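Protein chains in written order, with our numbering: chain A, 70 to 363; chain B, 1145 to 1409; chain C, 89 to 223. These notes concern the structure reproduced below.
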């Protein structure tokens, strides 16, 4: 099976681990990942003012690329890209007036009317592969690894593009359980990590991150799974600083869900680029025997 | 006045001097609008020649006149249409009812850096030009480029951290600045692209081994004797030497030809 | 906080402007403060989201201009999904930001960011912050 894939800027450098692990994992499931050609930045955040269409042009241009290249669905990994593309797609599908204005503005592109479906990999895995098949393909079950499924904000909100309803975590739970991990639900699973506020006075984003990490640790989680490079930055990369500042007491290694999927499917750890994660993470997987023997 | 005496018109026909355009006999003129004012100019001229014909004198905003220096970017529009078009004044031929203005300079941000110090990572470019992340992918930059460079393509590549792709996509850029003049993100695309090409050349592009070898040979004095011989020659001897030089025949297959003189190979 | 309603304090034009920008009807708010309860950023805000909604209902843009609340909003939509009156409060916060940003003013200055921070931050953080906090 082939899937059309939109990576997003961060996955080409700082979050190359999110992508590399996904590509390797999907290969073991017999799925070819085909990156769409000539994509641009999705815009990262959806523009929320009613009259602002220029900021919809970026995401829509990517959807035009997907349509041009014959895709009917476009798979994304990054939560922010997913959210921005899916919301722009809804405008193009449902709002005839805005669609017409945007299409006229992009006079160098073919017209677009929401023909491509934007799908997050978690949805794709449940719908097109299924937890049962994944369970059967697991080579190194993540037995004894207690993982907190962290959704953040953009996977679930707002409701019209959420991969599942607000307050429900069945997709990541289903996946992690299929991989043999123990899922530790926690109250802050859909609390925002502070997002881009990390650039606007550091304290705010950090304290939000501290609340989430404390809450995850209190639930008994040894690791946290996410699908967003900005969550990974605020919760993972900054964790050392939070520990140093005494904002949190327990470290919670952060992983991309694709990395956990990959190691369970027997992908070599080198292919998951763990060196891009926070330092402690690979040791944890080693101690828990979650890595395929070298 | 002209109607009164045809012979006078013939006598006062313009003769070109310097940059002044030669108006061929019986040449048809067309109306164009330079900065909103109407001028009748010969239809065969480029915008730059037409402006000079109309009496403008370029102190800035003209350079190579060959379409490569980027000094004469021009925005124009045809009467009755909203669509803006872009071109170089020295390369674009005037059309009837063209409204035009040159934008010889745009005050776009240009970062200061030392190429030897910044290193070859994309983050160095990001730090020098954080406004790169204000791109909204509206594509007006690409539409404005008189050299048909995929400006949005190289800006996207740089956001992703792909310096090589950005350097290659921006290779034809002549630094005219029209992209920046149209950018709602206030991004100086052309300066960023130039930095990308410099970083690519300095840190990423593989070194040409044959060039390094040749430089080494030159520095070791291999060609000093030859240079001395040439310096000692009279002008006549030098000319003879030049005329009689060995030349590889056109369309020779690579490696198939060898000169008789092999001392300096 | 007591708000006195007079012709001087209330601005119908501002209310209309914010409704137009956000596409929402701020008058629907019943001041239940669920938004404040849901918001992860309240510790950083000088006015709670509920208080902001209250001032918005009177169109008090001058008073809101002194507040950092809309600038500390992370657009996470936690308020939106739980608002019992169905107001997309994240859109109202964006309208307040845009009211300022559309006059060519930045809330953060990209050129003032230290190089090490830019080098460390994921691209989506920069793109998102510049979209929300610069004009």
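Even glycine gets a Cβ: it sits at the ideal position worked out from N, Cα and C. Since the model is a prediction, treat every value here as computed from it, not as a measurement.
| Query | Result |
| --- | --- |
| Have a look at residue 1222(B) and residue 164(A) and give me their C-alpha separation to the nearest angstrom. | 33 Å |
| Which same chain residues end up closer than 8 Å to residue 1200(B) when comparing Cβ atoms and leaving out the 5 residues on each side of it in sequence? | 1178 |
| Where does residue 1377(B) sit, in a helix, a strand or coil, going by DSSP? | coil |
| So, for residue 1255(B): in the same chain, excluding its five sequence neighbours on each side, which residues have a beta-carbon less than 8 Å away from its beta-carbon? | 1272, 1273, 1335 and 1339 |
| At which residues does the beta strand (DSSP E) containing residue 403(A) begin and terminate? | Past the edges of chain A, shown from 70 to 363, lies residue 403(A), and the structure says nothing about it. |
| In the stretch 1216–1292 of chain B, which residue ranges form an unbroken alpha helix (DSSP H) of at least 4 residues, counting only runs that do not cross its ends? | 1259–1262, 1266–1272 and 1284–1288 |
| Just to confirm before moving on: does the CB-CB distance between residue 141(C) and residue 102(C) stay below 9 Å? | no |
| Indicate the three-state DSSP secondary structure (helix, strand or coil) for residue 73(A) in the structure shown. | strand |
| Using a 10 Å radius around the Cβ and a threshold of 16 neighbouring Cβ atoms, would you call residue 170(A) buried or exposed? | exposed |
| Give the list of continuous alpha helix (DSSP H) stretches no shorter than 4 residues that lie fully inside the stretch 1167–1210 of chain B. | 1191–1197 |
| In the DSSP output, what is residue 294(A) paired with across the bridge? | 218(A) and 324(A) |
| Given a threshold of 16 other Cβ atoms within 10 Å of its Cβ, counted over all protein chains shown, does residue 71(A) qualify as buried or as exposed? | exposed |
| Any idea what DSSP makes of residue 397(A), helix, strand or coil? | Residue 397(A) is absent from the model: chain A starts at 70 and stops at 363. |
| Under three-state DSSP, which class holds residue 1147(B)? | Residue confidence is low: residue 1147(B) scores 43 on pLDDT, short of 50, so the model does not pin down where it sits. No coordinate-derived value is stated. |
| Within 9 Å (strictly less), CB to CB, does residue 230(A) reach chain B? | no |
| Note down the Cα distance separating residue 1231(B) from residue 1327(B), rounded to an integer number of angstroms. | 17 Å |
| Would you be able to state if there are at least three C-beta pairs under 8 Å between the stretch 151–166 of chain C and the stretch 182–199 of chain C? | yes |
| Using 9 Å as the limit for Cβ to Cβ distance, is residue 1153(B) near chain A? | Residue placement at residue 1153(B) cannot be trusted, given a pLDDT of 48 that sits under 50; what the coordinates show is reported in the next sentence. No, no contact with chain A. |
| Distance cutoff 9 Å, beta carbons only. Does residue 359(A) sit that close to anything in chain C? | no |
| Is DSSP giving residue 101(A) helix, strand or coil here? | strand |
| Throw me the rounded Cβ distance for the residue 360(A) and residue 338(A) pair, which I believe falls under 8 Å. | 5 Å |
| Taking the alpha helix (DSSP H) that residue 161(A) belongs to, which residues open and close that run? | 148–163 |
| Taking the DSSP output, what are the residues bridged to residue 251(A)? | 215(A) |
| Measure the alpha-carbon distance for residue 236(A) versus residue 259(A) and round it to whole angstroms. | 7 Å |
| Cutting at 7 Å between CB atoms, please list the residues of its own chain near residue 1403(B), excluding the five before and the five after it. | 1390 |
| Between residue 249(A) and the rest of its own chain, which residues show a CB-CB distance below 7 Å, the 5 nearest in sequence each way excluded? | 207, 210, 211, 212 and 333 |
| Is there a Cβ from chain A that is less than 9 Å from the Cβ of residue 1281(B)? | yes |
| Using alpha carbons as the reference points, say which of 73(A), 79(A), 74(A) and 84(A) lies closest to residue 343(A). | 84(A) |
| Can you tell me the Cα-Cα spacing of residue 1295(B) and residue 355(A), whole angstroms? | 46 Å |
| Alpha carbon to alpha carbon, what distance is there between residue 80(A) and residue 74(A)? | 12 Å |
| Go ahead and pull the three-state DSSP assignment for residue 1327(B). | coil |
| Do you know how far the Cα of residue 1205(B) is from the Cα of residue 1182(B)? | 20 Å |
| With a 10 Å radius around its C-beta and 16 neighbouring C-beta atoms as the bar for buried, classify residue 1401(B) as buried or exposed. | exposed |
| Quick check on residue 1271(B) - is its C-beta less than 9 Å from some C-beta in chain A? | no |
| Nearest CA to the CA of residue 1288(B): which residue from 1356(B), 1333(B) and 1360(B)? | 1333(B) |
| Can you tell me where the alpha helix (DSSP H) with residue 126(C) in it begins and where it stops? | 122–126 |
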